[in-house]
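Novice: The structure is given below, and queries will be raised subsequently.
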Amino acid sequence: MSRREPPDLGALLRKRKADEELAAKPRFIPKAERLRIEAEKKAKEEEERRLKTQKSQTATTHSQDSASTVPTGPKAMRNGDRRDDRRDDRWDGRREDWRDDRRDARPEDRRNGADLPTNRQQNRQQDDSYNRRGANGKAKQKPVPEVDEEALLRERYMGPQVNQSKFSAMKKRRRTTDKKFNFDWDADDDTTRQADTQIVARPAHALDEQDKDEIVRRKAEAIRKSDPEHGEERARQLLEQHERAKRAAERTGLGRHWSEKELYEMKERDWRIFKEDFGIATKGGAIPNPMRSWKESNLPHRLLDIVAQVGYDEPTPIQRAAIPIALQARDLIGVAVTGSGKTAAFLLPLLVYISELPPFNDQTKNDGPYALILAPTRELVQQIESEARKFAQPLGFTVVSIVGGHSLEEQAYALRNGAEIIVATPGRLVDCIERRLLVLGQCCYVIMDEADRMIDQGFEEPLTKILDALPVTNEKPDTEDAENSQLMTRYLGGKDRYRQTMMYTATMPPVVEKIAKKYLRRPAIVTIGNVGQAVDTVEQRVEFVSGEDRRKKRLQEILNSGQFQPPIIVFVNIKRNCDTVARDIQRMGFSAVSLHGSKTQEQRRGIDVPDVSLVINFNMATNIDSYVHRIGRTGRAGKTGVAITFLGDEDKDVMYDLKQKIANSPISKVPEELRRHEAAQAAPVRGGARNKEESSGFSGKGGGRW
Numbered sequence: 059m060s061r062r063e064p065p066d067l068g069a070l071l072r073k074r075k076a077d078e079e080l081a082a083k084p085r086f087i088p089k090a091e092r093l094r095i096e097a098e099k100k101a102k103e104e105e106e107r108r109l110k111t112q113k114s115q116t117a118t119t120h121s122q123d124s125a126s127t128v129p130t131g132p133k134a135m136r137n138g139d140r141r142d143d144r145r146d147d148r149w150d151g152r153r154e155d156w157r158d159d160r161r162d163a164r165p166e167d168r169r170n171g172a173d174l175p176t177n178r179q180q181n182r183q184q185d186d187s188y189n190r191r192g193a194n195g196k197a198k199q200k201p202v203p204e205v206d207e208e209a210l211l212r213e214r215y216m217g218p219q220v221n222q223s224k225f226s227a228m229k230k231r232r233r234t235t236d237k238k239f240n241f242d243w244d245a246d247d248d249t250t251r252q253a254d255t256q257i258v259a260r261p262a263h264a265l266d267e268q269d270k271d272e273i274v275r276r277k278a279e280a281i282r283k284s285d286p287e288h289g290e291e292r293a294r295q296l297l298e299q300h301e302r303a304k305r306a307a308e309r310t311g312l313g314r315h316w317s318e319k320e321l322y323e324m325k326e327r328d329w330r331i332f333k334e335d336f337g338i339a340t341k342g343g344a345i346p347n348p349m350r351s352w353k354e355s356n357l358p359h360r361l362l363d364i365v366a367q368v369g370y371d372e373p374t375p376i377q378r379a380a381i382p383i384a385l386q387a388r389d390l391i392g393v394a395v396t397g398s399g400k401t402a403a404f405l406l407p408l409l410v411y412i413s414e415l416p417p418f419n420d421q422t423k424n425d426g427p428y429a430l431i432l433a434p435t436r437e438l439v440q441q442i443e444s445e446a447r448k449f450a451q452p453l454g455f456t457v458v459s460i461v462g463g464h465s466l467e468e469q470a471y472a473l474r475n476g477a478e479i480i481v482a483t484p485g486r487l488v489d490c491i492e493r494r495l496l497v498l499g500q501c502c503y504v505i506m507d508e509a510d511r512m513i514d515q516g517f518e519e520p521l522t523k524i525l526d527a528l529p530v531t532n533e534k535p536d537t538e539d540a541e542n543s544q545l546m547t548r549y550l551g552g553k554d555r556y557r558q559t560m561m562y563t564a565t566m567p568p569v570v571e572k573i574a575k576k577y578l579r580r581p582a583i584v585t586i587g588n589v590g591q592a593v594d595t596v597e598q599r600v601e602f603v604s605g606e607d608r609r610k611k612r613l614q615e616i617l618n619s620g621q622f623q624p625p626i627i628v629f630v631n632i633k634r635n636c637d638t639v640a641r642d643i644q645r646m647g648f649s650a651v652s653l654h655g656s657k658t659q660e661q662r663r664g665i666d667v668p669d670v671s672l673v674i675n676f677n678m679a680t681n682i683d684s685y686v687h688r689i690g691r692t693g694r695a696g697k698t699g700v701a702i703t704f705l706g707d708e709d710k711d712v713m714y715d716l717k718q719k720i721a722n723s724p725i726s727k728v729p730e731e732l733r734r735h736e737a738a739q740a741a742p743v744r745g746g747a748r749n750k751e752e753s754s755g756f757s758g759k760g761g762g763r764w
């Protein structure tokens, strides 16, 4: 007798899989069979619909009978009411429905009995039953609509459902990203050759006609190869369209960049592109277009010759926008970063203005200057004076500076023969006016340079005293006439002209806006770049270095690296530390001098040190505006520069603003440590007094004027 072998598990699994695959395959069903199945399905659905309608009508009839003879079922059952068999049978028709409805109710409703009808509801139901039956007690014959029995009972006991949410936690939420359009294309679809990338990467206005023709020709060739059937016709149409576009562009001038056009060919679109290229934004009525070059500036030829001798090849953005406005005798607010060429922007129109006034004589030289330039620091005043003399002396005008550090007798001697232009700090100028060394009886041109720094250094009161001391007989009207260049350039009484006031600033705090509203008349506003932003030519770096010793060691590493050529400026916050840092730099083997407010005038140098390659903030400035002014010492006149700032825990109040400034710079990157720092996540609450010992003192490495 042979022993029975156990079934093969693998064979069973294979057979099961084959059966499942056979069942999953679509089975052919003849047409007659399909029609028979469909007819049975329809008959079954019709029978279910008929039974459901019949059941609904029966339940409605039982509900009417019970409402007119007995109390509501659940209440009667709780009270232990006895009912005869007829009533019990009638109630049993709805008992299961009532229980189902109770299950649907909320637990708190079941506890409070909210699902049970009140006595008032019972009376209303009995009245409705009477109306349905009529006076003789017999039910009226009316067609009964098809209703959902469960929904009818739920609405009767619980009221209608409103604001019902259709949310289902079990329902799978569809991802909206699945059907997003994909803007990428396959690499095989790219018809641009590798050799075309150098042409395509260049901006549109940098491509000449030959480059554009070459790009179109290569596209046409690619179309011919990719579409053998219709490629020839499509390529021909592309070339013809390109030729038509070229001819149309030549007629309208739209095909050329603004730099290739004459001034009379410039359209509104060209001026808009021009302003975007140089980051120029203007506001105010009747503002002239910027100047594209010095020869289109409408400056006198003699002054243009001096500009060429000084070496100003191309005007800066603030000069392009501000000079045409100032030449129309408009009041002006210029908002531009430090080192953007603001000095020449207000000096050249000033010289044109006073050139049209009567020359000084023995009677008029003691009536004060024609033009007044105010600046916050002695260093900046000396810088403006030096720049102004380059342009004014060839024209026969005298420039005198009035700053602290010199005796009043010295400055009175300098003013003995009069001066058409005076450059001064507000504090010392007020001293001269109060001591009767100077009057402003014929001053008709006022410039406030770096107005935000003047306010920041506490010069608001002296500044308002100076502006109030100016004559009012030639003050502009605060009407639309102040925007009319023809009215504002005419002479008043044969020799006087309307006073012209200009304000230049890197930021616009509220106090500066208040002064501008009080003393400027319908000014034109010129903004270069973003207000309060650091210059784009300065790369901003940040290093977290705590402690004086570690910072000095890091400072020595930077100076010994050889990456930066002198001169280099190092900023500190407290005057007494300035000399200490300067001595430490000298011990490192570099020549250095210190500059701060406690130094005498002979010991100090001008702050406009040319060609500064590096600015080091040994201590971070206590506010972000001072930081912007500091790093503006480098990257001037179109050159690039680097600013390195040492940070510590004491700088938490400025970390958020510092992160924003660096993030807005196109050539700087926010370090990860600053990005993640807790203090850099939100702006701090402003307030508190400034440190009285703080100053803009700095020490620098040897080289140049150091």
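59 is the number of the first residue of the sequence shown in this note's numbering; add one for each residue after it.
Note that CB positions come from ideal geometry on N, CA and C, so glycine has one too.
Please identify the residue among R734, I573, K719 and E291 whose C-alpha is closest to the C-alpha of T50.
Specialist: Outside the displayed span of the chain (59 to 764) sits residue 50, for which this structure offers no information.
Novice: Have a look at D420, L321, P382 and K717 and flag the residue whose alpha-carbon is nearest the alpha-carbon of I583.
Specialist: The residue given as residue 583 occupies position 525 in the sequence shown. Comparing Cα positions, the closest option is P382.
Novice: Mapping the DSSP letters down to three states, classify G699 as helix, strand or coil.
Specialist: Position 641 of the sequence shown, counted from the first residue, corresponds to residue 699. If DSSP states are grouped into helix, strand and coil, G699 belongs with the strands.
Novice: Counting pairs of Cβ atoms below 8 Å between the segment 678-693 and the segment 711-718, do you hit three or more?
Specialist: Yes, since at least three Cβ pairs between the segment 678-693 and the segment 711-718 fall closer than 8 Å, the two stretches touch.
Novice: Quick check: K710 and A741, are their CB atoms within less than 7 Å of each other?
Specialist: As a first step, residue 710 must be located in the sequence shown, where it is residue number 652. As a first step, residue 741 must be located in the sequence shown, where it is residue number 683. No, these two residues do not count as a Cβ contact at 7 Å.
Novice: Round the Cβ separation of D507 and I431 to the nearest angstrom and send it over; I've been treating them as touching at under 8 Å.
Specialist: Numbered from its first residue, the sequence shown carries residue 507 at position 449. Numbered from its first residue, the sequence shown carries residue 431 at position 373. Contact holds; Cβ gap of about 6 Å.
Novice: Would you say the segment 487-498 touches the segment 522-535, given that touching needs at least three Cβ pairs under 8 Å?
Specialist: Touching, yes.
Novice: Among P407, E354, S652 and E79, whose alpha-carbon lies nearest the alpha-carbon of I632?
Specialist: Walking along the sequence shown from the start, residue 632 turns up at place 574. Closest option to I632, Cα to Cα, is S652.
Novice: Hey, is the segment 510-521 in contact with the segment 559-574, meaning 3+ C-beta pairs nearer than 8 Å?
Specialist: Yes, the segment 510-521 is in contact with the segment 559-574.
Novice: DSSP on R734, reduced to helix/strand/coil?
Specialist: For this step, residue 734 is matched to residue 676 along the sequence shown. DSSP places R734 in helix when its eight states are reduced to three.
Novice: By a C-beta neighbour count over all protein chains shown, 10 Å radius and 16 as the cutoff for buried, is A403 buried or exposed?
Specialist: The sequence position of residue 403 within the sequence shown is 345, counting from 1. When all chains shown are included, A403 counts as buried.
Novice: Across the segment 388-400 and the segment 421-429, are there enough close Cβ pairs to call them in contact, namely three or more that are closer than 8 Å?
Specialist: Because the criterion of three Cβ pairs below 8 Å is not met, the segment 388-400 and the segment 421-429 do not touch.
Novice: Does the beta-carbon distance from G690 to V395 come in below 7 Å?
Specialist: Position 632 of the sequence shown, counted from the start, is the residue given in the question as residue 690. Position 337 of the sequence shown, counted from the start, is the residue given in the question as residue 395. Yes.
Novice: Let me check one thing: in DSSP terms, what residues is E601 bridge-paired to?
Specialist: For the purposes of this step, residue 601 is taken as residue 543 along the sequence shown, with counting starting at 1. Paired residue(s): F704.
Novice: Quick check on I87: does DSSP put it in helix, strand or coil?
Specialist: Within the sequence shown, numbered from 1, the residue matching residue 87 stands at position 29. In this structure, I87 counts as coil in the three-state DSSP scheme.
Novice: Short check: CB of R580 to CB of E541, under 7 Å?
Specialist: In the sequence shown, counting from the first residue as 1, residue 580 sits at position 522. In the sequence shown, counting from the first residue as 1, residue 541 sits at position 483. Yes, the pair counts as a contact, with Cβ atoms nearer than the cut-off.
Novice: Report the option in F602, K113 and G454 whose CA atom is closest to the CA atom of R734.
Specialist: Within the sequence shown, numbered from 1, the residue matching residue 734 stands at position 676. Checking every option, the nearest Cα to that of R734 belongs to F602.
Novice: Exposed or buried, which one is E597 when buried takes at least 16 other CB atoms within 10 Å?
Specialist: The count along the sequence shown starts at 1 and reaches residue 597 at position 539. Counting Cβ neighbours within 10 Å, E597 comes out buried, since at least 16 surround it.
Novice: Beta carbon of A446, beta carbon of L405: below 7 Å?
Specialist: Stepping through the sequence shown from its first residue, residue 446 is reached at position 388. Stepping through the sequence shown from its first residue, residue 405 is reached at position 347. Contact flag set, yes.
Novice: Just how far apart, CA to CA, sit V365 and D707?
Specialist: Taking the sequence shown and counting its residues from 1, the one referred to as residue 365 is at position 307. Taking the sequence shown and counting its residues from 1, the one referred to as residue 707 is at position 649. So the two alpha carbons sit approximately 48 Å from each other.
Novice: To which residues does DSSP link M561 through a beta bridge?
Specialist: Indexing the sequence shown from 1 puts residue 561 at position 503. M561 is bridged to I391 and M506.
Novice: Let me know if H687 comes out buried or exposed under the rule of 16 or more other beta-carbons within 10 Å of its beta-carbon.
Specialist: For the purposes of this step, residue 687 is taken as the residue at position 629 of the sequence shown. So H687 counts as buried.
Novice: What three-state label does DSSP hand S652 in the structure shown?
Specialist: Taking the sequence shown and counting its residues from 1, the one referred to as residue 652 is at position 594. Residue state, collapsed to three classes: strand.
Novice: Report the option in A472, S114 and P88 whose CA atom is closest to the CA atom of A209.
Specialist: For this step, residue 209 is matched to residue 151 along the sequence shown. Per the Cα distances, S114.
Novice: Residue range of the alpha helix (DSSP H) that A403 falls in?
Specialist: Taking the sequence shown and counting its residues from 1, the one referred to as residue 403 is at position 345. Taken as a continuous stretch (DSSP letters only), the alpha helix (DSSP H) holding A403 covers K400 to S413.
Novice: Quick one: what does DSSP say V628 is sitting in, helix, strand or coil?
Specialist: In the sequence shown, residue 628 corresponds to position 570, counting from 1. V628: strand per DSSP, three-state reduction.
Novice: Whole angstroms are fine: how far does the CA of I376 sit from the CA of M560?
Specialist: For the purposes of this step, residue 560 is identified with residue 502 of the sequence shown, where counting begins at 1. For the purposes of this step, residue 376 is identified with residue 318 of the sequence shown, where counting begins at 1. Taking the straight line from one Cα to the other gives about 13 Å.
Novice: Counting Cβ pairs closer than 8 Å, one from the segment 360-374 and one from the segment 324-332, do we hit at least three?
Specialist: No, because fewer than three Cβ pairs between the segment 360-374 and the segment 324-332 fall closer than 8 Å, the two stretches do not touch.
Novice: Here's a check: name, in chain order, each residue in its chain whose Cβ is nearer than 6 Å to the Cβ of S317, leaving out the five neighbours to either side.
Specialist: As a working note, residue 317 is residue 259 in the sequence shown. So no residue of the chain qualifies.
Novice: For the segment 476-550, which segments carrying the beta strand (DSSP E) assignment without a break, of at least 3 residues, lie completely within its bounds, in sequence order?
Specialist: Here the runs fully enclosed are 479-482 and 503-506.
Novice: Would S543 and F622 be called neighbours here (beta carbons separated by less than 7 Å)?
Specialist: For the purposes of this step, residue 543 is taken as the residue at position 485 of the sequence shown. For the purposes of this step, residue 622 is taken as the residue at position 564 of the sequence shown. No, Cβ-Cβ distance for S543 and F622 is not below 7 Å.
Novice: Where does G454 land, buried or exposed, given buried means 16+ other C-beta within 10 angstroms?
Specialist: Working through the sequence shown from its first residue, we reach residue 454 at position 396. G454 comes out exposed.
Novice: For I586, which of R94, K400, D420 and A306 has the nearest alpha-carbon?
Specialist: In the sequence shown, the residue the question calls residue 586 occupies position 528. It is K400 whose Cα lies nearest to the Cα of I586.
Novice: Which partner residues of V584 appear in the DSSP bridge assignment?
Specialist: Your numbering for residue 584 matches position 526 in the sequence shown. Its beta-bridge partners are T340 and G392.
Novice: Which whole-angstrom value describes the C-beta separation of A379 and P348, a residue pair presumed to lie in contact below a C-beta threshold of 8 Å?
Specialist: The count along the sequence shown starts at 1 and reaches residue 379 at position 321. The count along the sequence shown starts at 1 and reaches residue 348 at position 290. Going by Cβ atoms, the distance from A379 to P348 rounds to 5 Å, so yes, they are a contact pair.
Novice: Please list the segments of the beta strand (DSSP E) lying wholly inside the segment 668-692, counting only runs of 3 or more residues, in order along the chain.
Specialist: Entirely contained in the segment 668-692, the beta strand (DSSP E) runs reaching 3 residues are, in chain order, 672-675.
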